[in-house]
Amino acid sequence: MQRAFADDAHPTQVAPFPEPDSDACGEASMFDAGHFSTPLEGDLSLITSPTLRVNGALDSLLSMLPETDFDDGSWQSNLWGQHAQVSLVSKEIALTEEDYLKMWDMCVDYQPWQATDPSTKIGYVLKLFKNLHVTFAREYCAPHIHRYLYKDHMPQFILQAFSVCMLYTNKTDANRGIILRVLHDNVTTLLASSGATTLTPLEKLARVQVLIFYQTIRMFDGDITLGQQAGNDFKWLQSWIGDLCGLRDNLVDSVYLNDAALGDRPPQSWERWIFAESLRRTVIMGYVLKALWDLLKGGESEDAGVVWAQAHRWTLSGHLWNAPGSFEFFRAWREKPLWIVSSFKFEEFAKTGTGDDLDEFAQHFLTLYFGVSEIKTFCYETRKQGPTSQLDAEFRISPPISAADHLGRISDSAS
Numbered sequence: 026m027q028r029a030f031a032d033d034a035h036p037t038q039v040a041p042f043p044e045p046d047s048d049a050c051g052e053a054s055m056f057d058a059g060h061f062s063t064p065l066e067g068d069l070s071l072i073t074s075p076t077l078r079v080n081g082a083l084d085s086l087l088s089m090l091p092e093t094d095f096d097d098g099s100w101q102s103n104l105w106g107q108h109a110q111v112s113l114v115s116k117e118i119a120l121t122e123e124d125y126l127k128m129w130d131m132c133v134d135y136q137p138w139q140a141t142d143p144s145t146k147i148g149y150v151l152k153l154f155k156n157l158h159v160t161f162a163r164e165y166c167a168p169h170i171h172r173y174l175y176k177d178h179m180p181q182f183i184l185q186a187f188s189v190c191m192l193y194t195n196k197t198d199a200n201r202g203i204i205l206r207v208l209h210d211n212v213t214t215l216l217a218s219s220g221a222t223t224l225t226p227l228e229k230l231a232r233v234q235v236l237i238f239y240q241t242i243r244m245f246d247g248d249i250t251l252g253q254q255a256g257n258d259f260k261w262l263q264s265w266i267g268d269l270c271g272l273r274d275n276l277v278d279s280v281y282l283n284d285a286a287l288g289d290r291p292p293q294s295w296e297r298w299i300f301a302e303s304l305r306r307t308v309i310m311g312y313v314l315k316a317l318w319d320l321l322k323g324g325e326s327e328d329a330g331v332v333w334a335q336a337h338r339w340t341l342s343g344h345l346w347n348a349p350g351s352f353e354f355f356r357a358w359r360e361k362p363l364w365i366v367s368s369f370k371f372e373e374f375a376k377t378g379t380g381d382d383l384d385e386f387a388q389h390f391l392t393l394y395f396g397v398s399e400i401k402t403f404c405y406e407t408r409k410q411g412p413t414s415q416l417d418a419e420f421r422i423s424p425p426i427s428a429a430d431h432l433g434r435i436s437d438s439a440s
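Positions 26 to 440 (the working numbering) are the ones given, in order, by the sequence shown.
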């Protein structure tokens, strides 16, 4: 095995590894046969209720969405700029520049002082990523990592990342040096897997999730060397995400189904859905982190047009993501609302969704799209249940403003 360090290397310096292949999307079976249980047919037989839909829409969210034709092919006019390459984009569906209009203010009008204000979109997303390792250390899950993803089979990468996150969360001036050494050793071990050809799909997913943790720690530690290393290692993150895209079930067969048809097509098993949904969300988290890095550096992301013109689909349903077991999951699939979201296209959710339908991932990205105050108000006005997590508790606010004031504010922000 190639040595990762020179004998006299600085404890935060990593020697170069072979460059990732330019064609990052490999082909592999989505599941290793030894990693997932068989479908739980007994649970399905217990479900007899038809699909239900919640009709408590907050019209102000819908009014804020840009009016676009989803499949009109207008994206081919190269609205994304000189780096958009049509030939590299999935032809099944494409998103346009207009689908991200609500996020332009964060990207185009960004100023460094906004990062200190948690009421701004950039301040909010920075807080999310800065605390990602803390969330994993304390709860052993994350918005993109299901609590039971590694219940039966835990790759060594995850054990190492959990140790790093736990140590870094409890870092002091006295133990900082040894913790950075542990981080350094684990990053080196992870990058050494870049040439491995026998990784299972679960290990490939774990590798990306672990690198996201290491990237966020190094990006926001404040140490110049660590920040530089994080920047250098984004090539690995992008390459490995490409591998995941080759494994991903992008919900092509589900996105156009109506509610009843979707409810009648549950996944083969709860465990398989957990893997598939965690993979879909991990791809998005990784790409958002790379875009955030480019924004903070003040440079242009050369691959943004290609990455975000693709429809990165995921399932919006807190009822499914937070289900404590297989029975509850399949019952929620048939009885509770769910939405197949393409990247950040929230039109259908804005028509009928409520705060009770959200999980943390959905709440984060709705906030990133619409705004902090807007989603606070949306959750407050539509949520029937009390706060169920620390994240929900953070969204408790004073009594809502009057309808007239609220609509006026929404109108002002839209203009």
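We put the beta carbon where it would ideally sit given N, CA and C, even for glycine.
All figures in this text were calculated on a predicted structure; none of them were measured in a lab.
Residues bridged to residue i (per DSSP)
i	result
residue 365	340
residue 167	170
Contacts around residue i, its chain only, beta-carbon distance under 7 Å, and the 5 residues preceding and following it disregarded
i	result
residue 311	233, 237, 262 and 266
residue 179	none
residue 384	343, 346 and 347
residue 389	153 and 168
residue 166	172
residue 204	192, 193 and 196
residue 273	304, 305 and 308
residue 332	312
residue 409	381
residue 243	251, 252, 254 and 255
Contact set for residue i: own chain, Cβ-Cβ below 6 Å, skip 5 residues either direction
i	result
residue 315	259
residue 369	394
residue 298	292
residue 387	341
residue 34	Its pLDDT being 46, under 50, residue 34 is placed unreliably by the model, and the measurement read from it follows with that caveat. No residues qualify anywhere along the chain.
residue 397	144 and 149
residue 245	155
residue 186	235 and 238
residue 162	190, 191 and 194
residue 175	183
residue 151	140
residue 323	none
Buried or exposed by the 16-neighbour rule on C-beta atoms within 10 Å, applied to residue i
i	result
residue 200	exposed
residue 94	Any reading at residue 94 needs caution, since the residue's pLDDT is 44, under 50, leaving its predicted position unreliable; the model's value is listed next. So residue 94 counts as exposed.
residue 136	exposed
residue 447	It is not possible to answer for residue 447, since the shown part of the chain is limited to 26 through 440.
residue 218	buried
residue 253	exposed
residue 350	exposed
residue 292	buried
residue 249	exposed
residue 290	exposed
residue 160	buried
residue 286	exposed
residue 330	buried
residue 268	buried
residue 142	exposed
residue 198	exposed
residue 382	buried
Pair within 8 Å by beta-carbon distance, residue i and residue j
i	j	result
residue 307	residue 169	yes
residue 230	residue 303	yes
residue 340	residue 380	no
residue 155	residue 223	no
residue 207	residue 239	no
residue 313	residue 367	no
residue 227	residue 300	yes
residue 215	residue 189	no
Presumed contact (8 Å Cβ cut-off) between residue i and residue j, rounded CB distance
i	j	result
residue 276	residue 338	4 Å
residue 256	residue 318	7 Å
residue 364	residue 354	At roughly 16 Å, the Cβ-Cβ gap does not stay under 8 Å, so residue 364 and residue 354 are not in contact.
Nonlocal neighbours in the same chain, by C-beta distance under 8 Å from residue i, ignoring five residues either side
i	result
residue 164	172
residue 139	145, 147 and 148
residue 157	167, 237, 238 and 241
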